[in-house]
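Step one of this worksheet: look at the structure below.
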Amino acid sequence: MKKKTKTFFYCSNCGYESLKWLGKCPDCSSWNSFVEEQQVATKNPTPKEAAAPEMIGAIEIKKDMRISSGFVEVDRVLGGGFISGEILLLSGEPGIGKSTLVLQIAKNLGRDYKVLYCSGEESKEQIKYRGNRLGITGESILVSAENNFENVQRIIEKEQPDFLVIDSIQTMYTSEIESAQGTVAQAREISAKLLKLAKNSAMTVMIIGHITKDGGIAGPKVLEHMVDAVLYFEGERYYQYRSLRSYKNRFGSSSEIGIFEMAEEGLVEVLNPSKFLLQERAEEAPGSVITAVYEGSRAILLEVQALVSDSHYNQGRRVATGYDYNRINMIIAVLEKKIGLQLSGSDIYVNIVGGLKVSEPAVDLAIALAITSSFRNKSIDKDLMIIGEVGLSGEVRSVSNLDQRIAEAEKMGFAKAIVPVHNKTLPKGAKISLMKASNLAEAIRLTEF
Ligand SMILES: Nc1ncnc2c1ncn2[C@@H]1O[C@H](COP(=O)(O)OP(=O)(O)OP(=O)(O)O)[C@@H](O)[C@H]1O
Ligand SMILES: [Mg+2]
Ligand SMILES: [Zn+2]
Numbered sequence: 011m012k013k014k015t016k017t018f019f020y021c022s023n024c025g026y027e028s029l030k031w032l033g034k035c036p037d038c039s040s041w042n043s044f045v046e047e048q049q050v051a052t053k054n055p056t057p058k059e060a061a062a063p064e065m066i067g068a069i070e071i072k073k074d075m076r077i078s079s080g081f082v083e084v085d086r087v088l089g090g091g092f093i094s095g096e097i098l099l100l101s102g103e104p105g106i107g108k109s110t111l112v113l114q115i116a117k118n119l120g121r122d123y124k125v126l127y128c129s130g131e132e133s134k135e136q137i138k139y140r141g142n143r144l145g146i147t148g149e150s151i152l153v154s155a156e157n158n159f160e161n162v163q164r165i166i167e168k169e170q171p172d173f174l175v176i177d178s179i180q181t182m183y184t185s186e187i188e189s190a191q192g193t194v195a196q197a198r199e200i201s202a203k204l205l206k207l208a209k210n211s212a213m214t215v216m217i218i219g220h221i222t223k224d225g226g227i228a229g230p231k232v233l234e235h236m237v238d239a240v241l242y243f244e245g246e247r248y249y250q251y252r253s254l255r256s257y258k259n260r261f262g263s264s265s266e267i268g269i270f271e272m273a274e275e276g277l278v279e280v281l282n283p284s285k286f287l288l289q290e291r292a293e294e295a296p297g298s299v300i301t302a303v304y305e306g307s308r309a310i311l312l313e314v315q316a317l318v319s320d321s322h323y324n325q326g327r328r329v330a331t332g333y334d335y336n337r338i339n340m341i342i343a344v345l346e347k348k349i350g351l352q353l354s355g356s357d358i359y360v361n362i363v364g365g366l367k368v369s370e371p372a373v374d375l376a377i378a379l380a381i382t383s384s385f386r387n388k389s390i391d392k393d394l395m396i397i398g399e400v401g402l403s404g405e406v407r408s409v410s411n412l413d414q415r416i417a418e419a420e421k422m423g424f425a426k427a428i429v430p431v432h433n434k435t436l437p438k439g440a441k442i443s444l445m446k447a448s449n450l451a452e453a454i455r456l457t458e459f
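In structure tokens, the structure reads:
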């Protein structure tokens, strides 16, 4: 192998490679994201013989191709379980529970498979300490605190694990290139090696990666292209739950979410998220409406509350928490003009429960109906969820990703939904009963006031 040292500039956001420094990344449009790295370019050796191609019909698949993680929620996100030879990237903010989740998965897999957990972050004792908390007692998980990749490779060759955990990619380094630990070049190189290892053996590889402030996987966003699945482990700042979602999945849908709660004994699956998320909801309360927002690449159900009360002032007060103040005033104006609600003498408070900030107009209709419900002092059916944007003429406008919102509502156990009549993508085969509204008046009638 010939070695040649080169200086490269990498976009620390997406991994774009350039020979000179660039102010703006031509690939992902990030500013000032380029970092200089020394790299020893290694010329790839020519293989001795080519892997023989096979007719697709003749390729045999083992029956147990899918390996259950032992978690219903994780399997759901994976598309039914891990696939042998699959390489996955799990990322999330510091301290969110990545190591905990993976160690718990390792515990489950350890019953039937050989697991190697390589941590460059923690000592074996620290991993053992966490293991105690998670109730890991057996010898089924091999733990290594090695962070040199060549050594990890030696351990893999000797132990031949079925499942390998790298915690985390940023703490591993390969001696084959000169770049420092944690650099884009290192992450890329190690991932490429892992990819080869995983595809050549039937070993499933889970790589943990840290996320940067702006949500990118620190440096090796380029990893996303190389791996089979990219999973994000997130905590909603104002909720107690943690969610696992896939951003990319070659072997399953990428719109599934798994929900967990962090407890003393580790992560506990939340198998009934509707109950969990909306557990503090006063179901028969007027002014309460459930809707679905679409955040990033997933739908979240949330409660919108409105309180309309007689004002002690000439001019009613309007208070909005979690939603655009001007947008609320627009909705109130439409309710006055098109529905004839006398709201000018009332104080109106609108609250997105849980402290979430929502900027999506798809929540308009839920807010309009929450205000109407409170004004008329009549509660809205607890099994009904409401989705739609409201236009200035009182028309209900279509929303994006209705399928995912409805899927989430179904998953959360809702029976009915009011949706925009003109929506281009009405979910096919929805179990939920869909009521289509073309304008605000129609939507109000559908809530059976
Ligand atoms: N005894 C405990 N009871 C409940 N929760 C705990 C307990 N001990 C730790 N935790 C939770 O576990 C979290 C840390 O989990 P973990 O170390 O798996 O996260 P991580 O994503 O791997 O973090 P890092 O990025 O630092 O590696 C803490 O933030 C805390 O919420
Ligand atoms: Mg960790
Ligand atoms: Zn970039």
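Mind the numbering: the sequence shown is residues 11 to 459 in this note's numbering, read in order. Glycine included, each C-beta is placed from N, C-alpha and C at the ideal position.
| Asked | Found |
| --- | --- |
| If you reduce the DSSP assignment to three classes, tell me which class Leu456 lands in. | helix |
| Ligand 3 heavy atoms versus the CB of Ser43: any closer than 7 Å? | yes |
| Taking 7 Å as the cut-off, is the C-beta of Ser40 nearer than that to any heavy atom in ligand 3? | yes |
| Name all residues in chain order for which at least one heavy atom of ligand 2 lies closer than 6 Å to the residue's CB. | Lys108, Ser109, Glu131 and Asp177 |
| Please determine whether the Cβ atom of Ile106 lies at a distance below 7 Å from any heavy atom of ligand 1. | yes |
| Within the present structure, is the beta-carbon of Tyr26 separated from the nearest heavy atom of ligand 3 by less than 7 Å? | yes |
| Assuming contact is defined by CB atoms lying nearer than 8 Å, are Val400 and Ile341 in contact in what I supplied? | yes |
| For the beta strand (DSSP E) containing Val125, list its first residue and its last residue. | Val125 to Ser129 |
| What did DSSP end up calling Ile176 once you bin it into helix, strand or coil? | strand |
| Look up Arg76 in the DSSP assignment and give the residues it is bridged to. | Ile93 |
| Grouping DSSP H, G and I as helix and E and B as strand, with all else coil, what is Arg140? | helix |
| Verify whether the separation of the beta carbon atoms of Ile442 and Ala425 is less than 8 Å. | yes |
| Would you decide whether Ser43 is buried or exposed? Buried here means 16 or more other CB atoms lie within 10 Å of its CB. | buried |
| Would you mind stating whether Gly130 and Asn161 have Cβ atoms separated by less than 8 Å? | no |
| Any heavy atom of ligand 3 closer than 7 Å to the beta-carbon of Cys128? | no |
| Roughly how far, in whole angstroms, is the beta-carbon of Arg255 from the beta-carbon of Gly107, given that I think they are within contact range, below 8 Å? | Not confirmed; about 14 Å, so no contact. |
| Pick helix, strand or coil for Ile267, following the three-state DSSP scheme. | strand |
| Which runs of the beta strand (DSSP E) at least 3 residues long sit entirely within the region 346-433? Give them in chain order. | 356-362, 394-396 and 426-430 |
| For the alpha helix (DSSP H) that Asn161 lies in, which residues bound it at each end? | Phe159 to Glu169 |
| Tell me whether Arg255 counts as near ligand 1, meaning its Cβ is closer than 7 Å to at least one heavy atom of that ligand. | no |
| Return the bridge partner residues of Phe81 from the DSSP annotation. | Paired residues: none, contrary to the question. |
| How close, in whole Å, do the beta carbons of Gln315 and Gly297 come, if the pair is a contact with beta carbons under 8 Å? | 6 Å |
| Per DSSP, which residues does Cys38 bridge with? Please list them. | DSSP lists no partner for Cys38. |
| Going by other Cβ atoms of all chains shown within 10 Å of its Cβ, with 16 needed for buried, is Glu59 buried or exposed? | exposed |
| Using 7 Å as the cut-off, classify the Cβ of Ala273 as near or not near the heavy atoms of ligand 4, replying yes or no. | This structure does not include ligand 4; its bound ligands are ligand 1, ligand 2 and ligand 3. |
| Taking the alpha-carbon positions, what's the Gly25 to Glu188 distance? | 17 Å |
| Give the secondary structure of Tyr248 by DSSP, where H, G and I count as helix, E and B as strand, and everything else as coil. | Because the pLDDT of Tyr248 is 49, which lies under 50, any placement of that residue in the model is unreliable, and the number read from its coordinates should be weighed accordingly. Coil. |
| Against chain B, with Cβ distances strictly below 8 Å, would Thr181 count as a contact? | Among the protein chains of the structure shown there is no chain B, as only one such chain exists. |
| Can you give the beta carbon distance from Leu113 to Arg140, rounded, assuming they're within the 8 Å contact cut? | 6 Å |
| Going by DSSP in three states, Ile328 sits in which element: helix, strand or coil? | The residue asked about is misnamed: residue 328 is Arg in this sequence, not Ile. Looking at Arg328 - three-state DSSP - the assignment turns out to be strand. |
| Considering only the beta carbon of each residue, do Gly404 and Asp374 sit closer than 8 Å? | no |
| Under three-state DSSP, which class holds Leu100? | strand |
| Using the Cβ count rule (16 or more neighbours within 10 Å means buried), how would you classify Glu96? | buried |
| Within its chain, find whatever has a CB closer than 6 Å to the CB of Arg260; leave out the 5 residues flanking it on each side and keep chain order. | Asp238 |
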